[in-house]
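Under the working numbering, the sequence shown has 1545 at position 79, and the numbering climbs by one with no breaks.
Beta carbons: idealized from backbone N, C-alpha and C, even for Gly.
All remarks here apply to the structure that follows.
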Amino acid sequence: AEENLTISEIGKDKAFSYLLPRMTASAGYTRYTDKKLAGTSVIQPDYGSSWGIRIEETFSLSGRELTALEISKQNVTKSKHDLAAIREDYLLRYVAAAYYNALMARKSLDIASANLERLIKYRNAAEARLKIGEVTRTVLLRAEGELSGAKSDDLQARNALELALAVLASNCGIKDPFTLRETPPDEREIDLLTTFQEKALAVRADLKSLEVQKQIAADQTKFTDGAFWPSLSLFGGYTGADQSPPPTSMNRDSIYAGAALNFPFFDGGLRKAEVQEAKARERQASLIYEELKKMIEIEVQNAYLDLVTQKGILQFLNDQMVFARDNYRAVARQFEFGLTSSLDVLDANTLLVSAERKVASAIYNYRLALLRMKKATGTLLDAPG
1467 AEENLTISEI GKDKAFSYLL PRMTASAGYT RYTDKKLAGT SVIQPDYGSS
1517 WGIRIEETFS LSGRELTALE ISKQNVTKSK HDLAAIREDY LLRYVAAAYY
1567 NALMARKSLD IASANLERLI KYRNAAEARL KIGEVTRTVL LRAEGELSGA
1617 KSDDLQARNA LELALAVLAS NCGIKDPFTL RETPPDEREI DLLTTFQEKA
1667 LAVRADLKSL EVQKQIAADQ TKFTDGAFWP SLSLFGGYTG ADQSPPPTSM
1717 NRDSIYAGAA LNFPFFDGGL RKAEVQEAKA RERQASLIYE ELKKMIEIEV
1767 QNAYLDLVTQ KGILQFLNDQ MVFARDNYRA VARQFEFGLT SSLDVLDANT
1817 LLVSAERKVA SAIYNYRLAL LRMKKATGTL LDAPG
């Protein structure tokens, strides 16, 4: 996309060059084997030379060259919009997604480490109660089994975090060591769906690109229609000549100017077909533009519903995690005093780990939903977060 922008800027310079006159210079020298005379007239000299310079400007009376320049400027604008759209897509698809995957991996490691710490305490408590005969050996064996599983989960979480950081560094082109900094999400109330849709139709880069494409297609029709107009050529120059021996009537230099009008009368229907083709492309551009507007409205609605859903899920899962944490504390305390079984402790711990993982996933899904909404409304490049 960046190279397309460079190409379109070069195309603008090329279009401007057609508005400038052409200047050419020429020179020649001819040497003959011998001179030939007929009386006093020179038939073939010993040598002859000539030189000259010519300036010429050709333009259509319909102003096609100016139309072409305007089209080239619009192509630059279109390429800028295309580049912005591609940047937004890349940031969301490869940078933001990799960033939140890394944050999720780090959070998963924290959850796994906390789970490992809890199970170590539980194993120690089970071992202590076994020594005083309050529980059977199967309780300790079950605790050892759960602890081994927690160690495995912790190792997997560490490797997953390392891989997620490597993917993020690769997608962002980061070579040096780095750390992740987590910023709190925007907690404002979600606007109405119509507000998001209106914003998207006003600022989406891909829609602006097609809007420019519509104008380019209209100007292209105008440019093609200009082929029916005549073209005017203005020219002037200087020529000089010399030869030895010189003839008596030799004109050694001259300055001239002229004009020519060129009007193509018949081309087998080529120009008419080109105009019809340009008009068809103009209609096609309008249809594509209207279709994209409809697709944007649906995309925004999809992002809006996903955002509302993820926010609701996060609220419910936060409540679940609070209940699961309080439940584990109560059950673990009861186990210390022999008021509950080991299975109750393990069930409470499993419920807590599951709730923590669900909340972590919901947090980053919600933040990604916020970014997807910004992408859908065309404001992803306006502000971070």
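For residue i, the residue or residues it bridges with in DSSP
| i | result |
| --- | --- |
| D1433 | In the structure as shown, the chain begins at 1467 and stops at 1851. Residue 1433 is therefore absent and cannot be evaluated. |
| V1797 | Answer is none; V1797 lacks a bridge partner. |
| Y1830 | Its beta-bridge partners do not exist; DSSP assigns none. |
| G1724 | F1701 |
| V1508 | L1503 |
| S1526 | S1697 |
| R1520 | T1490, G1703 |
Three-way DSSP call (helix, strand, coil) for residue i in this model
| i | result |
| --- | --- |
| G1514 | strand |
| A1616 | helix |
| L1485 | coil |
| L1607 | helix |
| F1694 | helix |
| V1601 | coil |
| G1494 | strand |
| I1656 | coil |
| R1647 | coil |
| G1844 | coil |
| R1749 | helix |
| I1586 | helix |
| G1851 | Caution is warranted here: a pLDDT of 44 is assigned to G1851, below 50, making its placement in the model unreliable, and the coordinate value is therefore given only provisionally. If DSSP states are grouped into helix, strand and coil, G1851 belongs with coil. |
| F1803 | coil |
| R1670 | coil |
| I1640 | coil |
| G1734 | coil |
| T1543 | helix |
| T1661 | helix |
| A1594 | helix |
| A1467 | coil |
| F1789 | helix |
| T1714 | coil |
| I1476 | helix |
| F1782 | helix |
| F1689 | helix |
Inter-residue CB distance, residue i and residue j (contact presumed, cutoff 8 angstroms)
| i | j | result |
| --- | --- | --- |
| S1720 | T1705 | 5 angstroms |
| I1519 | A1481 | Not confirmed; about 26 angstroms, so no contact. |
| P1696 | L1727 | 6 angstroms |
| E1610 | R1589 | 6 angstroms |
| L1575 | R1624 | 6 angstroms |
| L1569 | L1486 | No, L1569 and L1486 are not in contact; Cβ-Cβ is about 57 angstroms, not under 8 angstroms. |
Backbone CA spacing between residue i and residue j [nearest angstrom]
| i | j | result |
| --- | --- | --- |
| A1835 | A1632 | 24 angstroms |
| K1546 | A1746 | 26 angstroms |
| Y1565 | S1636 | 11 angstroms |
| V1561 | K1840 | 15 angstroms |
| P1511 | L1503 | 8 angstroms |
| T1690 | A1744 | 7 angstroms |
| E1802 | N1768 | 50 angstroms |
| C1638 | K1539 | 32 angstroms |
| G1851 | R1488 | Its pLDDT being 44, under 50, G1851 is placed unreliably in this model, and the value from its coordinates should be taken loosely. If I take the Cα positions, the gap works out to 54 angstroms. |
| A1707 | G1724 | 21 angstroms |
| E1536 | K1544 | 12 angstroms |
| T1845 | G1703 | 57 angstroms |
| I1552 | Q1681 | 22 angstroms |
| E1531 | A1683 | 16 angstroms |
| D1857 | L1773 | The chain is shown only over 1467 to 1851; residue 1857 falls outside these bounds and no answer can be derived. |
| K1688 | T1533 | 8 angstroms |
| T1843 | L1634 | 25 angstroms |
| N1717 | A1493 | 16 angstroms |
| L1557 | L1780 | 24 angstroms |
| Y1770 | S1827 | 19 angstroms |
| K1617 | I1640 | 31 angstroms |
| V1542 | R1833 | 34 angstroms |
| P1711 | T1496 | 13 angstroms |
| G1628 | L1847 | The identity of residue 1628 in the sequence shown is Glu, whereas the question assumes Gly. About 28 angstroms. |
| E1469 | P1650 | 36 angstroms |
| G1514 | V1508 | 12 angstroms |
| T1499 | S1474 | 55 angstroms |
| A1626 | D1555 | 25 angstroms |
| I1598 | E1612 | 22 angstroms |
| G1477 | E1740 | 22 angstroms |
| R1791 | V1825 | 12 angstroms |
| N1793 | R1584 | 14 angstroms |
C-beta neighbour in chain B for residue i, strict 8 angstroms
| i | result |
| --- | --- |
| R1654 | Reference to chain B is not applicable here, since this structure consists of a single protein chain. |
Residue i: CB within 7 angstroms of a non-hydrogen atom of the ligand MN
| i | result |
| --- | --- |
| V1819 | Among the ligands in the structure shown, none appear at all, so the ligand MN cannot be discussed. |
Determine contact between the segment 1753-1766 and the segment 1662-1672, defined as no fewer than three beta-carbon pairs at a distance below 8 angstroms.
-> yes
Counting Cβ pairs closer than 8 angstroms, one from the segment 1670-1685 and one from the segment 1748-1758, do we hit at least three?
-> yes
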